[in-house]
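Take a look at the structure below.
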Amino acid sequence: MTDDTRTRLVAALRGELRFNEPMARHTALKVGGPADFFAIPADPSDLQSLMAVILEMGMPYLVVGGGYNLLVRDGGFRGVVISLKQFCSMEKLPDNRLRAEAGSTNQQLVRFANGQGLTGLEFLSGIPGMVGGALSVNAGAHGRSVLELVESLTTMQGGKVTVTFREDLRYGYRHLELKPGEIVLAAVFSLAVGDAEEIEGRTQGYLEHRRNSQRVGYPNAGSFFKNPEGKQAWRLIDEVGLRGCQIGGAQVSEVHTNFLVNRGGAKAADFLQLAQVIKSKVREQSGIDLEEEVRIVGAD
Ligand SMILES: Cc1cc2nc3c(=O)[nH]c(=O)nc-3n(C[C@H](O)[C@H](O)[C@H](O)COP(=O)(O)OP(=O)(O)OC[C@H]3O[C@@H](n4cnc5c(N)ncnc54)[C@H](O)[C@@H]3O)c2cc1C
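Going left to right, the sequence shown walks through residues 1423 to 1722 as my numbering numbers them.
As structure tokens, this is what we get:
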């Protein structure tokens, strides 16, 4: 990191800029080396001015939400990590629609929709993270996923803001095709009017279900692997006898075998090694290639 880079980034940003920020502070697994720069733009125009410098200098960048689906390697990130946590406005629009910015949390969005008597988003209530993160990975549960409810996405790429309607998005199970470097800024959700008590009942039901099934007790990133077509990743891992298997501080949860947990002091390398052991054992026994749901980024 040169002094010139530092000076130019400081001058470009009205929001907060941190240096050598440990990414372990920003990931649910509590691992990950330092990011050269960690920027928290104050608003979209601040992001635009930051992006102008980043693009001009050709610096790598990475947008993070809550870090609940993210594994940052121990070498950290050479470039700028950008948090949109200040972008958290939500508004009601005509025709049962809501607009939410990327930095709102899923919980805030669900509460807001419930408060407006709008139904559809209740399934998101127990999924930790921010709206931008949920949209970027097409988060889902109970047979529903967030992009089904989207009317349009507002994104930024190369400093230019674009609105894309759902019909023109390419997405699938835990996947949204974004262009390289494209940043999700906000979404409009198209919902339906519902009965307030029933909406709240469903929300609480989903939360209760999670409290009962996912009480793993240690830092984790939820499901580590995607479910292969017609199969359940947890079952495949259990069948090869890896429940409780531990490498360094990373362990296959005793409670839920598709959750890898940090038993204390884990390194990103421990999780990566454990993931390799799981993948090769499952491949050996069932011929199935497990694919990580958790996004893996950064330098070794
Ligand atoms: C206990 C637990 C339970 C979970 N249960 C579920 C579940 O039921 N269903 C489910 O789908 N997930 C689940 N997860 C995983 C996680 O909560 C979701 O994937 C969530 O949507 C991630 O959001 P985030 O804001 O934390 O994103 P992050 O983890 O910060 O980012 C995820 C990816 O999206 C990118 N990204 C983030 N924000 C933006 C943006 N604005 N623009 C462009 N790219 C962006 C990041 O670069 C990264 O590649 C669970 C996690 C935990 C810990």
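By construction, the Cβ of each residue, glycine as well, lies at the ideal position given by its N, Cα and C atoms.
- Taking the C-beta atoms as reference points, E1513 is found no nearer than 8 Å to L1607.
- A Cβ-Cβ distance of about 6 Å is found for the pair V1486 and S1505, placing them in contact under the 8 Å criterion.
- With a threshold of 7 Å, the Cβ atom of R1428 does not count as near ligand 1, since no heavy atom of the ligand is closer than that.
- In the DSSP secondary-structure assignment, K1514 is bridged to L1520.
- At least one heavy atom of ligand 1 falls within 7 Å of the beta-carbon of A1561.
- For R1705, the uninterrupted alpha helix (DSSP H) segment begins and ends at A1690 to S1708.
- Annotation for F1499: no alpha helix (DSSP H) segment contains it, though the beta strand (DSSP E) segment containing it runs F1499 to S1505.
- Taken atom to atom, the span from the alpha-carbon of R1685 to that of R1519 is near 42 Å.
- Judged by beta-carbon spacing, F1509 lies within the 8 Å limit of G1525, meaning their Cβ atoms are closer than that value.
- A straight-line Cα-Cα distance of about 31 Å links M1479 and D1590.
- Annotation for S1612: the continuous beta strand (DSSP E) segment containing it runs I1605 to S1612.
- If you check the C-beta of Q1529 against ligand 1, you find no heavy atom less than 7 Å away.
- Comparing alpha-carbon positions, the option among F1646, G1580 and D1496 lying closest to D1722 turns out to be D1496.
- Here DSSP, grouped into helix, strand and coil, assigns G1537 to helix.
- D1465 sits in coil when the DSSP states are folded into three classes, being neither helix nor strand.
- Annotation: the continuous beta strand (DSSP E) that includes N1442 extends over E1438 to P1444.
- For S1574, the enclosing beta strand (DSSP E) has its first and last residue at V1572 to Q1579.
- Collapsing the DSSP output to three states places G1666 in coil.
- Listed in chain order, the non-local C-beta contacts of A1474 below 8 Å within the same chain comprise A1434 and G1581, local neighbours out to five positions each way being set aside.
- If the five residues before and after T1625 are omitted, its C-beta is found closer than 7 Å to the C-beta atoms of V1532, N1536, E1544 and S1547, all from its own chain and listed in chain order.
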